[in-house]
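All remarks here apply to the structure that follows.
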Amino acid sequence: MSTAADHAIVCSGLAFGYGRTRVLDQFDARFAPGLHLVKGFSGCGKSTLLKLIAGYLRLSAGTLTLPGGSPPDAAFQRRSLGFVFQQLNLLPLATVRRNLELVGTLAGLPRAEVRARTDKYLTLLGLDAFADRLPSTLSGGQQQRAAIARALIKEPTVLLLDEPTSGLDDLNCRVIMKLLGNHLPPACVCLVATHDQRLDALPHEGLDFNRFLPVERHLVALA
Amino acid sequence: MKAWTLIAFYLSKDIWSRWLEHPGAVLARLLVGVLLAALLLFAQAGFMLAGRSLETRVARLGAGTILLTEVVGPDRTDRAPLGELLAPLGARAELLAFRQIPVTARDPLRGDLLVLSYGRATLAALAPSLAGVPPSALHYVTPDLPAGITIEIELDGALRDAVTVAPPAWLARLPLFKPLLILPDDDASHWLRQGHLEFCLLLADPSAPDAVRTLASSVRTLLTLENRTTAQLQTPELLLAEIDKLDTTRRRTQAAAGLAGGAVLALVFGAIASLEYRQNRYIVALLRSFGAPSLLVLLRYAVEALLLLAIAGTGARFLAAQLHGILFGFAGFETGLLDRAVLDPYAWADVWHQLRWLLAGAVLSVIPISLALRQPVGKILQ
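Read top to bottom, the protein sequences are chains A and B.
Following numbering that gives the first Met the number 0, the numbering of the first sequence begins with 0 at its first residue and continues without gaps.
Following numbering that gives the first Met the number 0, the numbering of the second sequence begins with 0 at its first residue and continues without gaps.
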């Protein structure tokens, strides 16, 4: 029988650096199912933490326990992980629908399920009219919503969003907030790395990265 | 499985899209591929033509010919003729046995003739030449006169009629410098008793050097067993050894040219593929972030390289076939040899034999991509 603890992400003594620059050192945290906002100055390591959890970067030290105890490998990325990057998220040569279907199929979902979920998330994110268009013909907000739909199609156990509302207008932001507030898959651990204070309105748990790495404290003095 | 098919489909679409987007990069690779493949095919054709030309010349020089000569004095005419001794070897090579008679013969218009007598065993080899001319006891073998005419010659001081015969092909292998007058042993018995020079030819297939060597060794053994110490043996073994050496050099040179071509192709294809990968690495990283295996992405580059090489190889083969006659005719090869019905250096099996080096080069060209794919997705995508 699975417990809430089985669905949590547990970080123990994580360490990582880019070359000689240490970004994370002895980082411990536990993320239970639900929405977590990871906040902090630019360069403090929010995105790095998300990428480490996703398995897109290799840990220098420490252990990372993912829901179900799976390692952050390709199988986990295909089946259980949804990730939205800050910038490039969509395959440029595939339509929005195809982008979603490809990821759903990779996750091992049956064809009918892929089709049903594609339609569901395209509707939820207001992308029905753009489903058969190439990403290059969409606005920034539409692309970002399509990326979130693509991340959600497999109804992942771990959803990681890196600055999902950065640069978006209030309307687009509200659509995304509504989705995060009401339509997160059950038992999903959702981490959102963000500066955006509009997201504070969502019920969430917070993690302030500045307390781990106050590297840019001098900026506070300057501001 | 469907997921891999979808990714493969997307990647193939990506290849096509990039070809349309950057036709220069594709054309550069195609051009390099066509040039290298054409050069290798021309080199191979040159080697093949040179080899065939050498074989023809060597055959003319007697690479398959074993010659035995023995002077038989008037006191030794009772010994078994060499032709009889060598008869057991007749199954492994064509045996021709002649005896040169020390008697003067002369064509009043063309000068001295060499007189040879032949036994029944040799009649078979002469039959094709003799069949087309009127029967006669004396035949005059010459390329200077049409076959089948009767002319008067002087033999041992007497005038005799002889019928002209065209020289058979094997005669070209004999170091003879005079026209021949030939007659059966039975008609030459009284001259043979005065002594003669006996010689035998064993005509083996020059394209089977090992068989020729074995045959020479058998002849040597036979002469030793029969104690025929006065017989002189000339074998083509030294010539065959030289041909072997030339053939080895030819194969090594061909392989070296192929390796060099493969290396150049790997460098050029690899460099262009790396540049393209740099432009495309975000998309590749995005695919990998979905859990698509790097191997599939690597295969995309390998397939593209192989596809380009296949197009280049086909184009090069077409180009080489079109220019074959002009190029090698200019290089001085005989026209008969350039007929592709006689020798086709561009048969697919031969093309494959040469282009496999380029194939290896094309496969190796994805090494830089495989190294690049080791970079974690998180360091590429922001």
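Glycine residues also receive a C-beta, built at the ideal position from the N, C-alpha and C atoms.
Determine the burial state of A/Asp161: buried for a count of at least 16 other Cβ atoms within 10 Å of its Cβ, exposed for fewer. buried
Which ranges would you report for the beta strand (DSSP E) in the segment 339-372 of chain B if only whole runs of at least 3 residues count? none
Just the Cα atoms here: how many angstroms apart are B/Glu303 and B/Arg28? Rounded to the nearest angstrom, the two C-alpha atoms are 11 Å apart.
Within 10 Å of its beta-carbon, does B/Leu224 have 16 or more other beta-carbons around it, so buried, or fewer, so exposed? exposed
So, helix, strand or coil for B/Ala291, using DSSP? coil
Where does B/Ile325 fall in DSSP's three states? helix
Contacts of A/Leu105 in chain B (Cβ-Cβ under 8 Å): Ala2, Leu5, Ile6, Phe289, Gly290 and Ala291
Neighbourhood of B/Arg249 by C-beta, 7 Å cutoff - its chain only, sequence neighbours within 5 removed: So the list reads Phe46 and Gly50, once near-sequence residues are dropped.
Given that a residue counts as buried once 16 or more other Cβ atoms are within 10 Å of its Cβ, and exposed if not, what is A/Lys177? exposed
I'd like to check one pair, B/Leu81 with B/Ala96: are the Cβ atoms closer than 8 Å? yes
Does the segment 149-158 of chain A come into contact with the segment 102-114 of chain A, if we say contact requires no fewer than three beta-carbon pairs (one atom in each stretch) closer than 8 Å? yes
Tell me whether the segment 113-124 of chain A and the segment 5-22 of chain B touch, counting them as touching only if at least three CB pairs, one residue from each stretch, are closer than 8 Å. no
Output yes if chain B places a C-beta closer than 8 Å to the C-beta of A/Val102; else output no. yes
Does DSSP put A/Asp161 in a helix, in a strand, or in coil? strand
With a floor of 3 residues, list each beta strand (DSSP E) that falls wholly inside the segment 86-168 of chain A, ordered by position along the chain. 157-161
Beta-carbon separation of B/Gly269 and B/Leu357 under 8 Å? The criterion of a C-beta distance shorter than 8 Å is not satisfied by B/Gly269 and B/Leu357.
Identify the residues that DSSP records as bridge partners of B/Glu69: which are they? Beta-bridge annotation (DSSP): B/Glu69 is paired with B/Glu197.
Express the C-alpha separation of B/Arg299 and A/Pro134 in angstroms, rounding to a whole number. 22 Å
So, B/Ile65 versus B/Leu214, is the Cβ gap smaller than 8 Å? yes
What are the partner residues of B/Val140, as DSSP defines its beta bridges? B/Val164 and B/Leu179
Looking only at its own chain, which residues have a Cβ that is under 7 Å from the Cβ of B/Trp396, when we skip the five neighbours before and after it? Chain B is shown from 0 up to 381; residue 396 of chain B falls before or after that span and cannot be answered.
Taking the alpha helix (DSSP H) that B/Leu191 belongs to, which residues open and close that run? Ser188 to Leu191
Between A/Arg77 and chain B, is there a C-beta pair that is closer than 8 Å? At least one chain B Cβ lies under 8 Å of A/Arg77.
Length of the line joining the Cα atoms of B/Arg192 and B/Pro208: 38 Å
Examine chain A for any beta-carbon lying closer than 8 Å to the beta-carbon of B/Tyr276, and answer yes or no. no
Is it true that the CB of B/Val33 sits closer than 8 Å to the CB of B/Gly324? no
Count the CB pairs spanning the segment 231-244 of chain B and the segment 102-113 of chain B that are closer than 8 Å, and state whether there are at least three. no
Who are the near neighbours of A/Asp72 in its chain, counting only those whose CB is closer than 8 Å to its CB and skipping five residues on each side? Gly54
Give the range of the alpha helix (DSSP H) segment to which B/Arg105 is assigned. Unbroken run through B/Arg105 is the beta strand (DSSP E), Ala104 to Asp106; no alpha helix (DSSP H).
DSSP bridge partner residues for A/Gly81 (one or two, in chain order): A/Gly81 is bridged to A/Leu158.
Please tell me whether B/Ser16 has its Cβ less than 8 Å away from any Cβ of chain A. yes
If we cut at 8 Å on Cβ distances, does B/Val25 have a partner in chain A? no
Evaluate A/Lys50 with the Cβ neighbour count: other Cβ atoms within 10 Å of its Cβ, from every protein chain shown; 16 or more gives buried, anything less gives exposed. buried
Please list the residues of the segment 48-68 of chain A that have a C-beta atom closer than 9 Å to any C-beta atom in chain B, keeping them in chain order. Leu49, Lys50, Leu51, Ala53, Gly54, Tyr55, Leu56 and Arg57
Cross-chain neighbours of A/Leu87 in chain B, by beta carbon under 7 Å: Tyr281, Leu285 and Leu380
Could you give the distance in angstroms between the alpha-carbon of B/Pro178 and the alpha-carbon of B/Ala256? 48 Å
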